[in-house]
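Line by line, the protein sequences give chains U and R.
Numbering of the first sequence is given in my numbering, commencing with residue 1 and proceeding in unit increments.
Numbering of the second sequence is given in my numbering, commencing with residue 233 and proceeding in unit increments.
Heads up: the structure comes next, in C-alpha cells.
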Amino acid sequence: MTEEITLVKPKEIVIPGQEIAQGMGFIPSGGVYREGDKIISNVIGISTVNGRVVRVIPLSGKYLPKSGDTVIGKVIDMNIANWFIDIGCANDAALNIRETPEFIELGTDLSQFFNFGEYLVAKIAKVTRNTIDLSVKGPGLRKLPTSKMVRINPSKVPRVIGKEGSMISLIKDKTKCRIMVGQNGFASIQGEPLDEIKAAEAIKYIEANSHKEGLTEEVSKYLDSLYKGEKK
Amino acid sequence: MTRTDGRKPDQLREMEAKVGVIPRADGSAMFKIGNTIAYAAVYGPRALHPKFLQNPERGVLRCNYNMLSFSGKGNRVRPGPSRRSREISMLTEKALRPVLDLKAYPNAVIDVFVELLQTDAGTRCAGICAAAMALADAGIPMKDLISALSVGYEKDKLLIDINSDEDCGGATDIPLAIMPLTGKITLLQLDGDVNVKQLQEAVKAAKKGCMEIYKVQQKALKEKYGG
C-alpha cells in the first residue's frame, strides 16, 4: 500500500502530464487519468482534490455536448424533417420536426418555423457517438428574436452566470438588457444598442479575467466605467 | 571546445515560449530556440471534409508544416508544399499522435498549422514543441506534452541543439521528441553516420535537453492561465 499524497496546491493550474496525486486511495474523475499509482492531469485546468476524488476543471476546449444541457444554436441547414444546428461543437446537432411543440406535417417548408441563420434555444435530448439530438419542447425553449450574439469559451459559462446567478443579474440590472447564456458558450443579448455593447464587453471581460477572485465587484466597476457620458 | 556560436557542447540555445498568440485560433503557441521561431495554431475539433477521410471511432489529427518564404538564410524558400514539408508534416503528426486522446471527437478533425518565421536548424523540433503547447491550449485531452530537440555529432563530438552552421557543416543530425513524464520517444530520425554506442549517448543527452525545454513549455502554459 503506497502512501497517499497530493502533489499540487488546492486550485492550482495544472497542465497535461502533470502529476496531481499519488496513491491507490484516490479516485480519478474528469480531466485526469491513472497511471500506476499516480493520478495525472489530462487537460489544462484547475485541479481539485475533494476527499478521495481528484478532478481537473478544464479552462479551455470546445463544447462537449451533454444530454439535458440548454444550448443556443444557429440554424445552418435543413432537410425534409430536420433542422441542422451549429451549437459550437465538432459536429452539428439535429432538431427533428417531432421535437417541436406544434405538429408539423412532413413536407412542410421548414424555413417558416426556423429559418437559415436564426438562433434558437434548445435542450439536448440525446447524444450518441455520431448524432446530437435537440428538442424545443419545454418552457423557455424557443426561437430567439434578433439580438447581439457573443461566443465565449464554454468552460467560462459558470463564471459568467456566477454564484446563484449573481454575475448575470448584475449585468442585467446595470445594462437593462435581456441576456441568455447557453451551456455551449453562446450568449444572446437584447436591449438598446449601446447597452448591448456594454453587456457584451462585460461578458468578454469576465471570460478574460475568469481566474481572478472577487470578480463580481470588479465587473460592477468595469461596467460603470464603460462609455461614460455617451448618449444612447 | 567552443562551437560556432560560442556555446558549450551540451548547452542549449536561448529559449522563449508564449501561449495564446493567435486570438482567432482555438489554441496557439510560439516557440523560439536561438534564431529558430515556430508558430503553431490549432483549429478544431471541427467537421472533416471530404467525408471519406472521417473516422467514426475517433478524431483525426492533421498537421501542416510550412517555412515562410523569407525564413531562410538569404535564398527565398519557394512557397507551397514540397517533398520536405510533406515529410515533416507527417512526422509532426506521428510525434504528437501518441499523447492525444481523440475518442471524444468522432468524425472530426483537429488541424495543426506550424509556420516557421525564421529558421536556423532544428525547425521540426521547434514546430513540434509549439504544436504540443498549442494543442494543450486548445483543450484537447492529452496524456502528456511533447518536447523535441535535435542533437548531432561533429567529428565524433556530441553537440546538443545544433544550429544551421553545424548542420550545414556536415554534422550528423538526430532530431528526437519525447514525452517528458515517461521519457518515451515519439520521434527519432538520423541523418548521417553513427555507431550504436554514439546513438545511445545522443538519445540520453537529447532526453536531458528535452527536460529543459519542457520546463519552458510548462511555464508558458501556466502563465497564460494565470498559474
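Note that beta-carbon positions come from the ideal geometry of N, C-alpha and C, so glycine has one too.
These numbers come from a predicted model, not from an experiment.
Quiz item: Is any beta-carbon of chain R found at less than 7 Å from that of V43/U?
Solution: Judged by the 7 Å Cβ criterion, V43/U is in contact with chain R.
Quiz item: Using a threshold of 6 Å, is the CB atom of N267/R nearer than that to any non-hydrogen atom of the ligand ATP?
Solution: Absence of the ligand ATP is noted for the structure shown, with no ligands found whatsoever.
Self-check item: Rounded straight-line distance, which links the Cα of L59/U to that of G259/R
Solution: In a straight line, the C-alpha of G259/R is about 12 Å away from that of L59/U.
Quiz item: Are the segment 403 to 412 of chain R and the segment 40 to 52 of chain U touching, with three or more C-beta to C-beta distances below 8 Å?
Solution: Too few Cβ pairs lie closer than 8 Å, so no.
Quiz item: How far does the beta strand (DSSP E) with E19/U in it reach, from first residue to last?
Solution: Element bounds for E19/U: 19 to 22.
Quiz item: Just checking my contact of A363/R with V346/R at CB under 8 Å: how many whole Å lie between their CB atoms?
Solution: The C-beta distance from A363/R to V346/R rounds to 6 Å, short enough to meet the 8 Å contact threshold.
Quiz item: Excluding five sequence neighbours on each side, which residues of the same chain lie with their C-beta closer than 6 Å to the C-beta of I320/R?
Solution: Close CB contacts of I320/R within its chain, under the 6 Å cut and outside five residues either way in sequence, are with Y297, R356 (chain order).
Quiz prompt | Completely contained alpha helix (DSSP H) runs for the segment 168 to 230 of chain U, where each covers 4 or more residues | solution = Taking only runs of at least 4 residues, the alpha helix (DSSP H) segments lying wholly in the segment 168 to 230 of chain U are 193 to 208, 215 to 225.
Practice problem: Grab me the residues of L239/U's own chain with a C-beta within less than 7 Å of its C-beta, minus the 5 sequence neighbours each way, in chain order. | Solution: In the structure as shown, chain U begins at 1 and stops at 232. Residue 239/U is therefore absent and cannot be evaluated.
Exercise. State yes or no: is the C-beta of T268/R within less than 7 Å of the C-beta of G384/R?
Key: No, the Cβ-Cβ distance between T268/R and G384/R is not below 7 Å.
Quiz prompt | Where T324/R falls: helix, strand or coil (DSSP) | solution = DSSP places T324/R within a helical segment (H, G or I) once states are collapsed to three.
Quiz item: Does any residue of chain R bring its CB to less than 7 Å from the CB of G88/U?
Solution: At a cut-off of 7 Å between beta-carbon atoms, G88/U makes no contact with chain R.
Quiz item: Contact between the segment 142 to 156 of chain U and the segment 201 to 210 of chain U: three or more CB pairs below 8 Å?
Solution: Because the criterion of three Cβ pairs below 8 Å is met, the segment 142 to 156 of chain U and the segment 201 to 210 of chain U touch.
Quiz item: Taking only beta-carbon atoms, is M374/R less than 7 Å away from chain U?
Solution: Taking Cβ atoms only, chain U reaches closer than 7 Å to M374/R, which makes this a yes.
Quiz item: So what does DSSP say about A362/R, is it helix, strand or coil?
Solution: Three-state result, A362/R: helix.
Exercise. Can you pull the chain U residues whose beta carbon is under 7 Å from the beta carbon of Y457/R, in chain order?
Key: Taking a Cβ-Cβ threshold of 7 Å, the residues of chain U close to Y457/R are I13, I44, L59, H211, in chain order.
Self-check item: Cβ pair G276/R, V331/R closer than 7 Å
Solution: For G276/R and V331/R, no; Cβs fall outside 7 Å.
Quiz prompt | Residue from G30/U, R142/U, K126/U, G138/U with nearest C-alpha to S188/U | solution = Just measuring C-alpha positions, the residue of G30/U, R142/U, K126/U, G138/U sitting nearest S188/U is R142/U.
Quiz item: Per the contact definition of three or more C-beta pairs closer than 8 Å, is the segment 191 to 198 of chain U in contact with the segment 238 to 249 of chain R?
Solution: No, because fewer than three Cβ pairs between the segment 238 to 249 of chain R and the segment 191 to 198 of chain U fall closer than 8 Å, the two stretches do not touch.
Self-check item: Span separating the alpha-carbon of A437/R from that of K387/R
Solution: When rounded, the distance between both Cα atoms is 17 Å.
Quiz item: Beta-carbon of A409/R versus every beta-carbon of chain U: anything under 7 Å?
Solution: No, A409/R lies away from the interface with chain U (no Cβ there is under 7 Å from its Cβ).
Quiz item: With which residues is T128/U paired in a DSSP beta bridge?
Solution: Paired residue(s): none; T128/U is not in a bridge.
Quiz item: Is the segment 162 to 181 of chain U close to the segment 99 to 113 of chain U, with three or more CB pairs under 8 Å?
Solution: Between the segment 162 to 181 of chain U and the segment 99 to 113 of chain U there are fewer than three inter-stretch CB-CB distances shorter than 8 Å, so the stretches are not counted as touching.
Self-check item: Buried/exposed call for K74/U, threshold 16 Cβ in 10 Å
Solution: It is buried - the Cβ of K74/U has at least 16 other Cβ atoms within 10 Å.
Quiz item: Expressed to the nearest angstrom, what Euclidean distance is found between the alpha-carbon atoms of I171/U and Q183/U?
Solution: Rounded to the nearest angstrom, the two C-alpha atoms are 18 Å apart.
Quiz item: Taking Cβ to Cβ, would you say Q449/R is nearer than 7 Å to A249/R?
Solution: Contact flag set, yes.
Quiz item: Does any residue of chain R bring its CB to less than 7 Å from the CB of K62/U?
Solution: Under the 7 Å criterion on CB atoms, K62/U is classed as interfacial with respect to chain R.
Practice problem: Could you work out which residues of chain U lie near L293/R, taking near to mean beta carbons separated by less than 7 Å? | Solution: Neighbours of L293/R in chain U, taken as residues whose beta carbon is under 7 Å from its own, are absent, since the nearest beta carbon is some 13 Å off.
Exercise. Determine the DSSP secondary structure at K156/U, reduced to helix, strand or coil.
Key: For K156/U, the three-state secondary structure derived from DSSP is helix.
Exercise. Can you grab the Cα-Cα spacing for the pair L285/R / L334/R, in whole Å?
Key: Their Cα atoms are separated by approximately 15 Å.
Self-check item: Nearest to I27/U (by Cα), restricted to the options R55/U, S47/U, G138/U
Solution: Measuring from the Cα of I27/U, the nearest candidate turns out to be R55/U.
Self-check item: Top-ranked residue by Cα proximity to V292/R, from G441/R, K326/R, S301/R, F263/R
Solution: Ranking the options by Cα distance to V292/R, first place goes to K326/R.
Quiz item: Which residues, in order along the segment 273 to 290 of chain R, keep a beta-carbon less than 9 Å from a beta-carbon of chain U?
Solution: Listed in sequence order: G276, P277, R278, A279, L280, P288, E289.
Quiz item: Does Y297/R come within less than 7 Å of chain U when only Cβ atoms are used?
Solution: It does not; no Cβ of chain U falls within 7 Å.
Quiz prompt | Contact set between L328/R and chain U, taken where Cβ atoms lie within less than 9 Å | solution = The contacting residues do not exist; L328/R stays about 12 Å from chain U at best.
Practice problem: With 9 Å as the limit, tell me which residues of the segment 5 to 30 of chain U have their beta carbon closer than that to any beta carbon of chain R; keep them in chain order. | Solution: Result list: E12, I13, V14, I15, P16, G17, Q18, E19.
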